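First up is the structure itself, then whatever we jot down about it.
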Amino acid sequence: MSCKQALIIAEAGVNHNGDMDLACKLVDAAADAGADLVKFQTFSTDALVSRDAPKADYQKRETGANESQFEMLRKLELSVEDHRLLMERCRNRAIGFFSTGFDLKSVDFLNSLGFARHKIPSGEITNYQYLRKIGSFGKEVLLSTGMADLAEIEAAISLLEESGTPRNLITALHCTTEYPTPMEEVNLRAMRAIGEAFGVRVGYSDHTLGIEIPIAAVAMGATVIEKHFTLDRNLPGPDHQASLEPDELMRMVRAIRNVEVAFGDGIKRPTPAELRNKSIARKSVFIVGGVRKGESFTLKNLGAKRPGTGVDPMMIPSLVGKISDRDYKDGDMLQL
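What follows is the structure, given as structure tokens:
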């Protein structure tokens with residue numbers, strides 16, 4: 013397992029509801045929580061979705077069925093100026109700005125901003141032209157694998173490689189594309205299976221309620237964690253209900269960092285705190301019932317009690333049969 017900290021991405025997504033004041037407050041909340049990056053979504057609705065594309069069930073549930081997916085997304089687009097405003101806010105708050113591009117033009121725009129990495133959302137894992145475009149940049153890639161099987165993941169990774177991105181720059185994010193994800197559909201062991209199958213780093217893009225699954229993912233080797241968050245789950249919009257609120261995001265980040273510290277270096281030895289407690293918690297050889305000078309030590313007259321400042325009880329077998337050179341009362345510590 014890597015000793016490096018996991019990259020924690022606070023996924024604001026479209027939870028800004030098209031309101032830049034709200035978007036800036038999301039940046040602030042992610043920075044306050046200690047996330048490494050705050051991520052938005054960059055897309056042209058015309059390029060992303062047809063006008064008659066249906067909504068997902070969770071989108072209907074959260075935004076109603078009267079408007080189309082096209083109409084819903086149109087209101088959530090970020091302009092070029094919006095991106096510049098958010099990037100400036102991120103610089104002022106010392107948090108990295110990030111965004112997922114959902115179409116070719118948007119991906120080119122994000123690349124022009126100098127991003128060190130690109131994120132491929134689950135819905136684009138079978139998009140040939142999109143994968144070719146991302147792969148041609150030769151930059152780090154975060155590949156979400158929701159809805160995919162191993163064959164589709166292999167095809168996407170191979171295409172990225174053929175297009176110019178070496179495998180060692182690819183991190184595959186296990187993901188379940190349902191909002192919120194039922195616990196019984198998380199299948200966190202699949203994250204490890206992906207890494208073993210393709211020799212890539214792995215991470216986890218989470219859509220469950222709560223914070224325990226991302227923490228577990230880090231404990232299982234995730235090098236990247238992505239988690240949706242919002243200022244208020246009661247706000248209107250498609251993703252708010254499956255998102256963390258700011259205090260929860262902060263607790264998740266702290267918990268992950270605590271788990272990472274707890275990994276240690278893997279060498280089993282007493283810690284500094286244990287060394288202070290060692291003599292208190294362990295035992296020494298004590299006399300049971302008393303022993304006179306010249307008598308032999310036996311298993312019946314030797315025992316063990318705290319503190320551990322005397323003879324190690326593991327020496328008892330070698331003491332049996334030896335002659336005492338002094339008188340001992342019951343409960344005396346053996347002196348050598």
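Counting in my numbering, the sequence shown runs from 13 upward without gaps. For every residue, glycine included, the Cβ atom is placed at its ideal position computed from N, Cα and C. Because the structure is a prediction, the values reported are computed rather than measured.
Just mark glutamate 23 as buried or exposed, buried being the case when its beta carbon has 16 or more other beta carbons within 10 Å. Working through the sequence shown from its first residue, we reach residue 23 at position 11. By the 10 Å Cβ count, glutamate 23 comes out buried.
Distance between valine 153 and isoleucine 146 (C-alpha atoms, nearest Å): If you number the sequence shown from 1, residue 146 lands on position 134. If you number the sequence shown from 1, residue 153 lands on position 141. Answer to the nearest angstrom: the Cα atoms are 8 Å apart.
Considering only C-alpha positions, which residue in the set Ala209, Gly278, Ser118 and His252 is nearest to glutamate 166? Taking the sequence shown and counting its residues from 1, the one referred to as residue 166 is at position 154. Closest by alpha carbon: Ala209.
At 4 residues or longer, what runs of the alpha helix (DSSP H) sit wholly inside the region 111-190? 116-124, 140-148 and 162-175
Starting from threonine 57, follow its DSSP beta bridges and name the residues at the other end. Taking the sequence shown and counting its residues from 1, the one referred to as residue 57 is at position 45. Beta-bridge pairing links threonine 57 to no other residue.
Using a threshold of 8 Å, state whether the C-beta atoms of serine 156 and proline 133 are closer than that. Within the sequence shown, residue 156 is the residue found at index 144, counting from 1. Within the sequence shown, residue 133 is the residue found at index 121, counting from 1. Contact flag set, yes.
For threonine 183, I'd like the list of residues in its chain whose CB is within less than 8 Å of its CB, leaving aside the five on either flank, ordered along the chain. Position 171 of the sequence shown, counted from the start, is the residue given in the question as residue 183. Closer than 8 Å at Cβ, skipping near neighbours: Glu152, Val153, Leu154, Leu155, Val212, Arg213, Val214, Gly215, Thr235 and Val236.
Select from Ala42, Val61, Gly46 and Ala59 the residue whose C-alpha is nearest the C-alpha of phenylalanine 52. Here residue 52 refers to the residue found at position 40 when the sequence shown is read from its first residue. That would be Ala42, whose Cα lies nearest to the Cα of phenylalanine 52.
Neighbourhood of aspartate 115 by C-beta, 7 Å cutoff - its chain only, sequence neighbours within 5 removed: In the sequence shown, residue 115 corresponds to position 103, counting from 1. So the list reads Phe55, Ser56, Ala59 and Leu60, once near-sequence residues are dropped.
Can you tell me whether valine 273 is buried or exposed? The criterion is at least 16 other CB atoms within 10 Å of its CB, across all chains shown. Position 261 of the sequence shown, counting from 1, holds the residue named residue 273. Result: exposed.
Please return the same chain residues whose Cβ sits closer than 8 Å to the Cβ of methionine 195, not counting the five positions on each side in sequence. Residue numbering aside, residue 195 sits at position 183 when the sequence shown is read from its first letter. Same-chain partners within the cutoff: Thr220 and Ile225.
For serine 217, which beta-bridge partners are listed by DSSP? The count along the sequence shown starts at 1 and reaches residue 217 at position 205. Serine 217 is bridged to Cys187 and Glu238.
Is it right to say glutamate 93 is buried, meaning 16 or more other beta carbons lie within 10 angstroms of its own, or is it exposed? Within the sequence shown, the letter at position 81 stands for residue 93. Exposed, because fewer than 16 other Cβ atoms sit within 10 Å of the Cβ of glutamate 93.
Report the three-state DSSP secondary structure of methionine 32 (helix, strand or coil). Position 20 of the sequence shown holds residue 32. DSSP places methionine 32 in helix when its eight states are reduced to three.
Kindly indicate the opening and closing residues of the beta strand (DSSP E) around valine 303. Working through the sequence shown from its first residue, we reach residue 303 at position 291. Per DSSP, valine 303 belongs to no beta strand (DSSP E) and is neither H nor E.
By how many angstroms is the C-alpha of leucine 181 removed from the C-alpha of aspartate 244? Here the question's residue 244 lines up with position 232 in the sequence shown. Here the question's residue 181 lines up with position 169 in the sequence shown. Cα to Cα, the separation comes out at about 35 Å.
Less than 7 Å between C-beta atoms, sequence neighbours within five positions excluded: which residues of the same chain meet that for leucine 162? Along the sequence shown, read from residue 1 onward, the residue named residue 162 stands at position 150. Excluding positions up to five away in sequence, the list reads Ala209.
To the nearest angstrom, how far is it from the Cα of glycine 276 to the Cα of leucine 90? The sequence position of residue 276 within the sequence shown is 264, counting from 1. The sequence position of residue 90 within the sequence shown is 78, counting from 1. Cα to Cα, the separation comes out at about 42 Å.
Should histidine 252 be counted as a contact of the ligand FAD given a C-beta to heavy atom distance under 7 Å? By its list of ligands, the structure shown contains no ligand whatsoever, and the ligand FAD lies outside what it can speak to.
Beta carbon of glycine 249, beta carbon of glutamate 74: below 8 Å? As a position in the sequence shown, residue 249 is number 237, starting the count at 1. As a position in the sequence shown, residue 74 is number 62, starting the count at 1. For glycine 249 and glutamate 74, yes; Cβs fall inside 8 Å.
Please tell me whether glutamate 136 and leucine 185 are closer than 8 Å, where the distance is taken between their beta carbons. The sequence position of residue 136 within the sequence shown is 124, counting from 1. The sequence position of residue 185 within the sequence shown is 173, counting from 1. Result no, Cβ atoms of glutamate 136 and leucine 185 do not sit closer than 8 Å.
Residue(s) in a DSSP beta bridge with lysine 51: On the sequence shown, residue 51 is found 39 positions in, with the first residue counted as 1. Per DSSP, Glu23 and Phe110.
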